[in-house]
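This report concerns only the one structure given below.
Residue numbers (full-length UniProt numbering), protein chains in the order written: chain A, 1 to 325; chain B, 1 to 325; chain C, 1 to 325; chain D, 1 to 325.
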């Protein structure tokens, strides 16, 4: 019920948003009206393209030897890797705050996947994220494999993370992101029992969909490794200008497709990687680029999930039903 | 006989195409006429450059632990890698359909290398490809090494794939692509016995050529790792804008060479890689780029093979004759 | 005391610099005055952004089998790797001199981290660096792990390097850079005992900060792997034009942030890598790019450290206090 | 003696070249005259920058399992890797001829390092290179390590390669390139005994220099891994547009330096890599780019070596004298 109400509110706000865009839009009025009309069919809020940013807050929760620019030649166990630790602290000192400044400047609300132990280490950061109006989503209690836990252990692991972060931020997560996306066959049942509405560890669609878990609707938000800083920037595949080019290419296609079907674009930034000056600059350039088009809406994933979970236009995907009954 | 007839038809249609280009061409009329004249000598259909896209449809047929963004740190045998599986499903849910939309928009017919088990898993996709007027080519029954099979096993492996896909699509493949291009010394003889006209697992030319198999003409279509999404995008060598730059550089040179000899450009897109928004955008930009020139023709590989197999201007290459007699 | 005096001098000179920029500035006068005013609060010398280049001079001091384009397939111990040795000599023959020419052309003073054994091998280069007005900073006696030395050995290692280079250049280092940034838990205490003012092996901030060592102020200058030639160019992640794009993106963001807080940009060039023609060209293009903005100051790290060590606006970071008491 | 005469001839031809450039040059006449004057001091032929291309011809001589896009997952010994073999044949079928066309179009003479066994396999290609006016230089009899051979074996290995290629092309090599640049400590003495004038396996300078071998002048031509297709393109570091950007950045700096000292730029293209359409396009764009400047001369390395071997302005480098006495 409340989902539907919320969704109605979003439709209203989206209309305001779209109208506001009209005034500064570069497209001719005639075209924009047409676009609005056709795209209204695909998203409940009338957007032509919904973009959602994931901002992972993990720093401070990393285990010894965690992946860093130094982990390729690890130090002996017990020897502190001070350079690597300082690299991680960057996410707390600079990265998250720089991104928060950017989201604020453009009035964008993002989804922040918060590791429990990171919030414990830097509670002021977790609070700052929540205070900025961003979604606090769950990302496990600590950095640990989740795919190999039994049901009870996994449930405890998930709940501990949620409760730890809730105590600090006052927000109870309804969205989940596993360590390196690697779920166990039980994860969706665990998440449903723990009161979650959606998860993001699925790369199979460019729009949210419903999967049935114990017969009930569970939302799967599209995620991607393509627009992902940890894979492409920290993985040393691309320079920030290439990342920007990727975002623009991806946007151009999805926006065009958005005229005839529901499309969503997912972007992922991690505190110590996406929060560097060059990457935040790339993201700002991208945001400006999207503002040249009408009907582009940046949203939190919980708001998207609530908007689509009971929408009959949301596709249902049964690919994993053998695990979820 | 029918090859020659088909070829004549293509010449006719190519002339229409070239004329149509004339109207919107940016080159001066004088130049374009001259170009047309000189290039007519090199391809039977008068094209200055023939481009052929391979669209691999493999998703759903992958074995456990198949190469994916996650396979670098494999899970224990038997543990489902749900993130990797969702990555593969992307090719079926989004990738192939997005590419089909692109080909339709520009009226391009491509060659689709279909793995038998992929077609069994997603028959509706195999049918959609065939219904779009694209060539259904063979790519093995399942994802498996072919270079280490004995003659009988290889023949069965090839035939099973062809028959499986033919039952679903109604098209019998005449072109072959081995798993990772790795043929056995018997492969061409096997293919000839199974009724094939050509294969593509050869990187040695920028134009189709004839190789003699048991004394008869067998066509080898040029393939390349340069314009190949799996090598350069999934292999994390390039971003999509670099892929586009590669295509343009490659095209510029081959088009120019096409004025004085027969030249063909080969591009390869895989369902879950080339079918992403950014890559389809890159491909669309490339298609637009080629439209600025006259005499560029996108063709299915079976149509190319039929056009050249009995053309005396097609070169004969005897490099592998010791295997094929 | 002398630090404060020095700092006052820098404020004076910075004002001259900023005024000089005014004449050729592209921004409107009204804007530039405003910028000057707001940025004066953040750096003692009134800069909006301080940039510092590290120029590592290591060549000639490398051990057998040191990392080079050839070290991936090492020769047997004792077999001279003549191609690799010639690659290192490039830094001495061309690299450092080319960079010195560039710094001179733009009147930029940099910090040179000099390995003791490199200065012994090429004393004329160490002298040329010092004669150019650049800072001679320490980088160890030889190329060797520092994180695994005990206190006494580490102190000797550091002092030997300083004394060796001081004998040649007449400059006593006050700044330190460890081999691959990897400090021991004792390093800051060792450096303090050896009379150092700052170190750079920390990636956690985009501005200098104070850490307490035995209760006294020790400056930590921000360093980065992002704007680092050895990581991104020799590590084969980027081409020089990508490196330039990274510098510009990084600059754009830090410069903008510099209007409201203290920001510093750190760049690192190694003799045989950053000293190649393409990289020096990239750096020159970057320098020109920064000249389009007002209030950008290139400084030696010792000058920066002296300017901020007793400035109450310099942040204090206690993250490593457990090691430094 | 004949070296000096040859050098005089080159001076004459270079003056013609520079004058010819004058007519189409974009720089103002005043400037160009000044440039000509100052640069005449640094190269005997008056060039401001000498560029030399190495065109490696190796295809057909590769051993089983030689580095290819497939060698990362090698087939069992004895199993033919047909895809890899076809990749190599590309260099013979397309690569060398495409490059020869480019050199001809711009009247550029290059140095071709020819492996003996490659010339045996494709004598017509070796002859075509020689017939194009290009230098036939030596690159070993077969693809084999040279650094681990004793004096007698190395001498035989070198001589066999030279004689094999001389019989086919009529040209006796005076320049040498070792397999992967890896010389033995004896190599220069071996080369001198075998009548060589220069080698290129040294990365230490951006201009040719003299090293004394048994007290006599031996020329070392600068080589580089930066402008090298096998390292950066086949090594999957860069796309062809990045390679072009590297060449332009490198050129811009060296050309500018050429006004005040002797500078040389070295570029390396291998048959099957640099000979692809996109790379030849990149090279053509680069050649056009260099034509916008005056005093740029493309030369064979033997001509350069002869021009500088007895020029007192050529630097002498004694770094390796312990091996060469």
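Virtual Cβ for every residue (Gly too), placed ideally from N, Cα, C.
Practice task
Taking only beta-carbon positions, decide if residue 121/B is within less than 8 Å of chain A.
Solution key: It does not: the Cβ of residue 121/B has no partner Cβ on chain A nearer than 8 Å.
Exercise for the section: State yes or no: is the C-beta of residue 183/C within less than 8 Å of the C-beta of residue 92/A? Expected result: Cβ atoms of residue 183/C and residue 92/A: not closer than 8 Å.
Practice task
With distances taken Cα to Cα, identify the nearest neighbour of residue 205/D among 266/D, 255/D and 271/D.
Solution key: The shortest C-alpha separation from residue 205/D is found at 266/D.
Problem - Given residue 324/A as reference, the closest of 119/A, 105/A and 193/A once Cα atoms are compared - result: Of the listed residues, the one whose Cα sits closest to residue 324/A is 193/A.
Exercise for the section: Give a single yes or no on whether residue 279/B has its beta carbon closer than 7 Å to a heavy atom of the ligand HEM. Expected result: The model on display carries no ligand, and the ligand HEM is accordingly not part of it.
Exercise for the section: Have a look at residue 106/A and residue 285/A and give me their C-alpha separation to the nearest angstrom. Expected result: Using only the alpha carbons, I get a separation of about 12 Å.
Handout entry: Segment limits, beta strand (DSSP E) that includes residue 279/B
Key = Residue 279/B -> not in any beta strand (DSSP E); alpha helix (DSSP H) instead, spanning 277-290.
Practice task
Go ahead and pull the three-state DSSP assignment for residue 75/B.
Solution key: In the three-state reduction of the DSSP assignment, residue 75/B falls in the coil class.
Problem - Simplified DSSP assignment, three categories, for residue 169/B - result: The answer is helix: DSSP assigns residue 169/B an H, G or I state.
Handout entry: Residue-chain proximity (residue 193/C, chain A), Cβ-Cβ < 8 Å
Key = Output row for residue 193/C: interface = no.
Problem - Test item: CB-CB of residue 59/B and residue 272/B under 8 Å - result: Contact: yes.
Problem - Test item: CB-CB of residue 171/A and residue 136/A under 8 Å - result: Taking 8 Å as the Cβ cut-off, residue 171/A and residue 136/A qualify as a contacting pair.
Problem - residue 6/D versus residue 100/C: straight-line alpha-carbon distance, rounded - result: Annotation note: pLDDT 34 at residue 6/D (below 50); position unreliable, no value reported.
Handout entry: Presumed contact (8 Å Cβ cut-off) between residue 158/B and residue 190/B, rounded CB distance
Key = Right, their Cβ atoms sit about 6 Å apart.
Handout entry: is_contact[residue 232/C, chain D] using C-beta, thresh 8 Å
Key = By this cut-off, residue 232/C is not an interface position.
Exercise for the section: Starting from residue 175/C, follow its DSSP beta bridges and name the residues at the other end. Expected result: Answer is 198/C.
Exercise for the section: Along the beta strand (DSSP E) that carries residue 137/D, what are the first and last residues, could you check? Expected result: The continuous beta strand (DSSP E) containing residue 137/D extends over residues 135-138.
Practice task
Using a Cβ cut-off of 8 Å, pull out every chain D residue sitting near residue 185/B, in sequence order please.
Solution key: Using a Cβ-Cβ cut-off of 8 Å, residue 185/B is close to 80 and 82 of chain D, given in chain order.
Problem - chain C within 8 Å of residue 203/D, Cβ atoms only - result: For residue 203/D, the answer is yes, since a Cβ of chain C falls inside 8 Å of its Cβ.
Exercise for the section: Tell me, please, whether the CB atom of residue 196/D is closer than 8 Å to any CB atom in chain C? Expected result: With respect to chain C, the C-beta atom of residue 196/D has no partner C-beta closer than 8 Å.
Problem - CB contact check: residue 369/B to chain D, cutoff 8 Å - result: Chain B is shown only over 1 to 325; residue 369/B falls outside these bounds and no answer can be derived.
Exercise for the section: From the DSSP output, in three-state form, read off residue 41/C for me. Expected result: Coil at residue 41/C, not helix or strand.
Practice task
Measure the CB-CB distance between residue 71/B and residue 246/A and report whether it falls below 8 Å.
Solution key: Not in contact: residue 71/B and residue 246/A (Cβ atoms no closer than 8 Å).
Exercise for the section: Mind listing the chain C neighbours of residue 237/D? Cutoff is C-beta to C-beta under 7 Å, in chain order. Expected result: Those within 7 Å of residue 237/D in chain C are 236.
Exercise for the section: Give a yes or no on whether 8 Å exceeds the smallest Cβ distance from residue 94/B to chain A. Expected result: Residue 94/B counts as touching chain A.
Problem - Nearest-angstrom Cα separation, counted from residue 309/A out to residue 217/A - result: The alpha-carbon atoms of residue 217/A and residue 309/A are separated by roughly 7 Å.
Practice task
Please go through the same chain and pick out, in chain order, the residues whose beta-carbon is closer than 7 Å to the beta-carbon of residue 102/C, but skip the five residues on each side of it.
Solution key: Only 280, 283 and 284 meet the Cβ criterion.
Exercise for the section: Could you tell me whether the Cβ of residue 20/A comes closer than 8 Å to any Cβ of chain C? Expected result: For residue 20/A, the pLDDT reaches just 31, beneath the cut-off of 50, and the residue's location in the model is therefore unreliable, although a value from the coordinates is still provided. Not one beta carbon of chain C lies nearer than 8 Å to the beta carbon of residue 20/A.
Exercise for the section: List the residues that DSSP assigns as beta-bridge partners of residue 269/B. Expected result: DSSP links residue 269/B through a beta bridge to 55/B.
Handout entry: Between the CA atoms of residue 94/B and residue 320/A - distance to the nearest angstrom
Key = Rounded to whole angstroms, residue 320/A to residue 94/B spans 17 Å at the Cα level.
Problem - C-alpha gap between residue 53/A and residue 241/B, whole angstroms - result: About 22 Å.
Practice task
Rounded to whole angstroms, what's the CA-CA distance from residue 43/A to residue 219/A? Just pull it up for me.
Solution key: Rounded to the nearest whole angstrom, the CA to CA distance from residue 43/A to residue 219/A is 15 Å.
Problem - residue 313/B, buried or exposed, once every other Cβ within 10 Å from all chains shown has been counted against 16 - result: Residue burial annotation: residue 313/B is exposed, with fewer than 16 other C-beta atoms found within 10 angstroms of its C-beta.
Exercise for the section: Determine, using beta carbons only, whether residue 315/C comes closer than 8 Å to chain D. Expected result: Output row for residue 315/C: interface = no.
Problem - Neighbour flag for residue 245/D against chain C, beta carbons, 8 Å - result: Yes, because at least one Cβ of chain C sits closer than 8 Å to the Cβ of residue 245/D.
Exercise for the section: Using alpha carbons as the reference points, say which of 146/B, 299/B, 119/B and 301/B lies closest to residue 169/B. Expected result: Nearest of 146/B, 299/B, 119/B and 301/B to residue 169/B, Cα basis: 119/B.
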